[in-house]
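Numbered according to our numbering, the sequence shown spans residues 44 to 292.
Idealized CB from N, CA, C, for every residue including glycine.
Just so you know, these numbers come straight off a predicted model, no measurement behind them.
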Amino acid sequence: MEHVVPPEAAALLARARRVVVVTGAGISAESGVPTFRDALTGLWQRFDAQALATPQAFEDDPDLVWGWYEWRRSTVRRARPNAGHTAVAAIEARLPGTVLVTQNVDDLHERAGSRDPVHLHGSLLAPRCSGCSRPAPLPDVADEPAEGRRVPPPRCAGCAARVRPGVVWFGEALPQAALDRAVEAAASCDLLVTVGTSGLVYPAAEIPRVAARLGATVIQVNPDETPLDAVAEVNLRGPAARVLPALVA
Ligand code: BV8
Ligand code: ZN
């Protein structure tokens, strides 16, 4: 059944001159990539994501943390972009100058045609050396672990330190260039569409708030209520893969 969005939401997008789209893990949910909170299913259940996604956890148990990320990367590799990702790429194609800011560490936006997403939290596909930060090659598919398996991280070809996932862990600073680009876009847009994020993790959660404070209109796409309801002028309650195509139709 077609999803219907209120005409004022479609009109806001049609009239917008400078658009920012901010996405969280919810936009990848319908591609079968669990959201951060749900990424601890099955054998991972006994762990807390926020505890596992930290430098301390990697130091304490590198094989467990590397195994978790390699399992998540294998899930992303098998996933396909969904109609939500495609709709975001359609907004960018229709309105050059649109800036896509994502908290996601998957590459589904890129595979849906988005050319230059701002990755605030890094990427599962960019492992690097924990010692000298040299980029490390992606392990090949054959070594992808089953869920719950510990996997010793590879060693850096240059300095032999452990390779780590190329993501931003809790307690780590976001890449400054990405954060600057996101804040600058939010400060100069007239419409910001936030999709599939709980708006709980900072400083990423500040981006829609910066836009609203500086006079932009905010549209939120999320089946659930979030703290961003307070800054959204329009709340489209539904799944991204249904709502976004209706919004850009
Ligand atoms: C930092 C990569 C400082 C790893 C992630 C105030 C200011 C600054 C920092 C803090 C602060 N207060 C607290 C902090 C510390 C912390 C923080 O924010 N804690 C929170 C929990 C309170 N922030 C940090 O540590 C950040 N670092 O600020 O460092 C600093 C400065 C200088 C020098 C040194 C240090 C770093 C934060 C980045 C952490 N890394 N990801 C990995 O992926 O493993 S964050 C991770 O969790 C995700 O990337 C995502 O952004 C976030 C939330 O995950 P999810 O819940 O899965 O996703 P999301 O929130 O997007 O929720 C899913 C939503 O989708 C839900 O709303 C759901 O309803 C919806 N949904 C479901 N299905 C659908 C859907 N929507 C649409 N369609 C559907 N079908
Ligand atoms: Zn190294």
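For residue i, verify whether its CB is less than 7 Å away from any heavy atom of the ligand BV8.
i, result
"L290", "no"
"V264", "yes"
"L168", "no"
"A229", "no"
"T118", "no"
"F101", "no"
"E51", "no"
"R171", "no"
"S241", "yes"
"D150", "no"
"A247", "yes"
"G214", "yes"
Just to confirm before moving on: does the CB-CB distance between residue i and residue j stay below 8 Å?
i, j, result
"V119", "D81", "no"
"V206", "P197", "yes"
"A96", "G239", "no"
"V274", "P251", "yes"
"L167", "Y112", "yes"
"L279", "Q263", "yes"
"T141", "L163", "no"
"P160", "H152", "yes"
Taking 7 Å as the line, does the beta carbon of residue i fall inside it for any heavy atom of the ligand ZN?
i, result
"R177", "yes"
"G209", "no"
"A204", "yes"
"G201", "yes"
For residue i, which option in the options has the closest C-alpha, if you only look at C-alpha atoms?
i, options, result
"G69", "D183, H128 and R137", "H128"
"E276", "V47, L235 and A200", "L235"
"N265", "L55, A52, R58 and G67", "G67"
"A189", "R58, W114 and A254", "W114"
List the whole-angstrom C-beta distance separating residue i from residue j, where the pair is believed to meet the contact cut-off of C-beta under 8 Å.
i, j, result
"G201", "C175", "6 Å"
Any beta carbon from chain B within less than 8 Å of residue i's own beta carbon?
i, result
"V286", "Reference to chain B is not applicable here, since this structure consists of a single protein chain."
Continuous beta strand (DSSP E) assignments of at least 3 residues falling wholly in the stretch 124-167: 142-145
Those runs of the alpha helix (DSSP H) which lie wholly inside the stretch 58-106 and span at least 4 residues: 69-72, 92-95 and 98-103
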